[in-house]
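Numbered per the working numbering, the sequence shown spans residues 3 to 388. Glycine included, each C-beta is placed from N, C-alpha and C at the ideal position.
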Amino acid sequence: MPSFFKNLIQCLTLGVVSLSVTCPTQANINNDLQFHGFYSQAYLLSDGNNFYGDSQRGSFDYSEAAINGTWRATPNLNFAGQILSRDAGSADNGSVKIDFLFADIKAVESDNSGLGFRIGRVRNAYGFYNDTRDVLFTRPTILMPQAVYFEGNGLRELLFASDGAQLYSYWDADENSTSFNLTMGRNSSLSADTINILFGPRAAAFIHKGELRTPIFGQILHSRNGGDTKFALSILDAQIDLHSNLGSFAELNLDASGYVLSAQKNLATWSFTTEYSLITTNFHSSQGSQIQEIEAAYLQAQYRLRPTITLTGRYELSVLDRDRRNETDSHNLVVGARWTPTPNWIVDVNVYGLRGTSGIPAIDNEENMPLNERTEIFGIMLGYRF
Numbered sequence: 003m004p005s006f007f008k009n010l011i012q013c014l015t016l017g018v019v020s021l022s023v024t025c026p027t028q029a030n031i032n033n034d035l036q037f038h039g040f041y042s043q044a045y046l047l048s049d050g051n052n053f054y055g056d057s058q059r060g061s062f063d064y065s066e067a068a069i070n071g072t073w074r075a076t077p078n079l080n081f082a083g084q085i086l087s088r089d090a091g092s093a094d095n096g097s098v099k100i101d102f103l104f105a106d107i108k109a110v111e112s113d114n115s116g117l118g119f120r121i122g123r124v125r126n127a128y129g130f131y132n133d134t135r136d137v138l139f140t141r142p143t144i145l146m147p148q149a150v151y152f153e154g155n156g157l158r159e160l161l162f163a164s165d166g167a168q169l170y171s172y173w174d175a176d177e178n179s180t181s182f183n184l185t186m187g188r189n190s191s192l193s194a195d196t197i198n199i200l201f202g203p204r205a206a207a208f209i210h211k212g213e214l215r216t217p218i219f220g221q222i223l224h225s226r227n228g229g230d231t232k233f234a235l236s237i238l239d240a241q242i243d244l245h246s247n248l249g250s251f252a253e254l255n256l257d258a259s260g261y262v263l264s265a266q267k268n269l270a271t272w273s274f275t276t277e278y279s280l281i282t283t284n285f286h287s288s289q290g291s292q293i294q295e296i297e298a299a300y301l302q303a304q305y306r307l308r309p310t311i312t313l314t315g316r317y318e319l320s321v322l323d324r325d326r327r328n329e330t331d332s333h334n335l336v337v338g339a340r341w342t343p344t345p346n347w348i349v350d351v352n353v354y355g356l357r358g359t360s361g362i363p364a365i366d367n368e369e370n371m372p373l374n375e376r377t378e379i380f381g382i383m384l385g386y387r388f
């Protein structure tokens, strides 16, 4: 069934792409109802560890396809939604899912400010890239910055969207703009696949139920001079309850809270981005509790060689336990080139050098344990949007 759905959405995407190419007005039926979409396909070749499939032999198991739509029902009421098929090795099987679906109610709006609510499955504002992380055009490289966005750890499902309500507001003044988002999520069950990815097949075999409780995401973002300079502070707070078959460990709880500091400077041909995150986890069981601080940061530079060609370099650092920094640190170096021959097409070529195992998908390396401390990845990804 997942393969059928995967093929179905890809066919639908290609069909809508064809319509949008031959009849551009079909993707924008009128001012109140609009449809858009994207498709991207990667090839990854790695040495040391697998990343999204059997990449040590070359893997095409990384693709994303989605169709989204917006409907302006009234001047103060909008609806938006997206269906997505994402294949990412063993971390995501390509099945079709509702990525987000919400009603947007504008309670107050003036020429330079507004306040509203979104209700449904809403996208979480977390760092600069989380709420558009699946669109190749809107993220900096093929893989998201590992250190801050946990790209290879299977946390996308928990970070990207929440079922609940979101309060948002914005204020504009001259060339400056400030926005605020606060998401209050409701409790939701963790799928067996998510538990398997997060804790590994061996531990997951003893966990018969998992629940994500009261996730909270918040962000305040300030932009100056039309976006030349941006700053953001993002927060998260969530709890995971696990119910296992292990006597004294029958009830397990994981509390996580933290923040991300983000900054970006855009010049005529250069863009510089940096983000720093600190997340504190508290693991509870009947045997006691264990507190761990996860620290991560990256520094990224992008150079626009031509209007259609961008070069990217990024250094990432992550520490899984600040009390054991030298034992749990990982360092990643990323270089890449991006070509956008038209606004609808994009080609990304990246090379990754990873030192340490943070961010390596353990579920793709069950037969490759223990994980190698050195991983090199070559990736190329083709993307289209309409």
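Coarse secondary structure for residue i, derived from DSSP in three states
i      : result
Val150 : helix
Gly361 : coil
Leu192 : coil
Thr134 : helix
Phe208 : coil
Leu356 : strand
Ile293 : strand
Ala217 : A small fix is needed here, since residue 217 is Pro in this sequence, not Ala. Here Pro217 sits in strand by DSSP.
Pro343 : strand
Arg141 : coil
Phe380 : strand
Val233 : Strictly speaking, residue 233 in this sequence is Phe, with Val absent from that position. Phe233 falls in the strand class under three-state DSSP.
Leu200 : helix
Asp257 : strand
Gly55  : coil
Phe104 : strand
Asn126 : coil
Leu161 : helix
Ile176 : Note on identity: in this sequence residue 176 is Asp, with Ile being the wrong assignment. The answer is coil: DSSP assigns Asp176 none of H, G, I, E or B.
Gly187 : strand
Gly166 : strand
Asn227 : helix
Thr27  : At Thr27 the pLDDT is 40, less than 50, meaning the model places this residue with poor confidence; the figure from the coordinates comes in the next sentence. Thr27: helix per DSSP, three-state reduction.
Asn155 : helix
Arg387 : strand
Asp366 : helix
Phe37  : strand
Leu373 : coil
Asp113 : coil
Gly71  : strand
Ala403 : This structure does not reach residue 403, given that the chain is present from 3 up to 388, and the question cannot be answered.
Phe182 : strand
Gly243 : The sequence given here places Asp at residue 243; Gly does not occur at that position. In this structure, Asp243 counts as strand in the three-state DSSP scheme.
Close-in-space but distant-in-sequence residues of the same chain around residue i (CB under 6 Å, 5 per side omitted)
i      : result
Leu280 : Gly260, Glu297
Val19  : Note on Val19: pLDDT 40, under 50, position unreliable in the model; the coordinate value appears next. Excluding residues within five positions, the ones whose Cβ falls inside 6 Å are Phe388.
Ala265 : Phe233, Thr276
Val349 : Trp341, Leu384
Ser190 : Asp165, Leu214
Trp173 : Ser115, Thr180
Phe380 : Leu47, Val353
Closest by C-alpha distance to residue i, when choosing among the options
i      : options                        : result
Leu160 : Ala167, Thr180, Asn132, Gln168 : Asn132
Arg88  : Gly355, Arg158, Pro77, Leu319  : Arg158
Phe53  : Glu375, Leu307, Ala364, Met371 : Ala364
Leu223 : Val262, Ala194, Met186, Leu256 : Val262
Gln302 : Arg308, Gln148, Leu86, Ser179  : Gln148
Ser273 : Gly122, Asp230, Asp63          : Asp230
Gly60  : Pro345, Gln168, Leu46, Val337  : Leu46
Ile362 : Ser246, Phe208, Asn155, Ser65  : Asn155
Gln241 : His333, Leu254, Ala75          : Leu254
Ala175 : Gly96, Ala299, Arg226          : Arg226
Pro203 : Ala93, Ala44, Tyr317, Thr377   : Ala93
Ile85  : Leu269, Tyr354, Pro142, Gly39  : Gly39
Pro343 : Thr185, Asn78, Ile311          : Ile311
Leu184 : Asn178, Tyr128, Val150         : Tyr128
Ser112 : Ser171, Gly122, Phe130         : Ser171
Arg376 : Asn346, Leu335, Ala82          : Leu335
Asn80  : Asp56, Gly96, Leu35            : Leu35
Met186 : Glu177, Leu169, Phe201         : Leu169
Tyr300 : Gln289, Gly290, Thr314         : Thr314
Asp195 : Leu319, Gly91, Pro77           : Gly91
Asp106 : Arg74, Ile100, Thr359          : Arg74
Tyr41  : Ser65, Glu153, Pro77           : Ser65
Residues near residue i by beta carbon distance below 7 Å, same chain, minus five either side
i      : result
Asn374 : Gly50, Asn51
Val351 : Gly338, Ala339, Ile382
Ala109 : Leu117, Gly118, Phe119
Thr271 : Tyr305, Arg306
Thr24  : Since pLDDT at Thr24 reaches only 37, below the 50 mark, its modelled position is unreliable, and the value read off the structure follows with that caveat. Cβ within range, chain order: n/a, list empty.
Arg327 : Val321
Whole-angstrom C-beta distance between residue j and residue i, which should lie under 8 Å
i      : j      : result
Phe104 : Arg120 : 5 Å
Gln294 : Asp323 : 5 Å
Val124 : Ala67  : In fact, because the Cβ distance is near 22 Å, the residues do not count as touching under 8 Å.
His286 : Ser246 : Incorrect: roughly 13 Å between the Cβ atoms, too far for contact.
Other residues of its chain near residue i: CB distance less than 8 Å, five sequence neighbours each side excluded
i      : result
Asn198 : Ala206, Ile365
Fill in: 4-residue-minimum alpha helix (DSSP H) runs that sit fully inside the stretch 266 to 337, ordered along the chain
Listed in chain order, the complete alpha helix (DSSP H) runs (minimum 4 residues) inside the stretch 266 to 337 are 327 to 330.
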